[in-house]
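Just below is one structure, and these are the notes that go with it.
Residue numbers (the working numbering): -2 to 155.
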């Protein structure tokens, strides 16, 4: 639909632009890079960064405007878990690079999912797993609460 004043920008009830979800993923992965960097600086897994990553996922999900509250909750949880996976993969590659004495770029290429999972299983505590999972649930709850169903948006516009 077009606005009454002839402006052809999208109204808030319509779907998000095609680049919204890739941009949301890039935002989540950049939060993962910040998480990995803090883990390297603190010389630990820095699982406390799961909470800011969850809030970045909520922000990204709100910008992408999912179609329903359930979709918003699922997207926020998935983005939070993708952020955690990316951050912990970067961190495990850094551990491999430091332990073996190879460059970080080579460690990124050689550290496969199996090695990264084994390394993280040895390094992460049950509390870390709970914190990451709880942050994903928190992101899902906040995103579902903040999401505005399309019918409600269209009713306020008409």
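Even glycine gets a Cβ: it sits at the ideal position worked out from N, Cα and C.
Cβ contact annotation for residue 132 (same chain, cutoff 7 angstroms, sequence separation greater than five): 47, 48, 50, 51, 77, in chain order. Spatial neighbours of residue 136 in its own chain (CB-CB distance under 7 angstroms, excluding positions within 5 residues in sequence) are listed in chain order as 51, 54, 55, 73, 74, 77.
With 16 or more other Cβ atoms inside 10 Å of its own Cβ, residue 125 counts as buried. Between the stretch 32 to 46 and the stretch 83 to 99, the count of Cβ pairs shorter than 8 angstroms is three or higher; the stretches touch. With contacts defined as CB atoms closer than 7 angstroms, residue 143 and residue 59 qualify as a contacting pair. A straight line joining the alpha-carbon of residue 138 with that of residue 108 spans about 34 angstroms. Annotation for residue 101: the continuous alpha helix (DSSP H) segment containing it runs 101 to 107.
With fewer than 16 neighbouring CB atoms inside 10 Å of its own CB, residue 106 falls in the exposed class. Using a Cβ distance threshold of 7 angstroms, residue 140 and residue 70 count as a contacting pair. The straight-line gap separating the alpha-carbon atoms of residue 13 and residue 112 is approximately 38 angstroms. In this structure, the CA atom of residue 22 is about 10 angstroms from the CA atom of residue 61.
Annotation: the continuous alpha helix (DSSP H) that includes residue 88 extends over 66 to 97.
Residue 134: member of the alpha helix (DSSP H) spanning 123 to 143, first to last residue.
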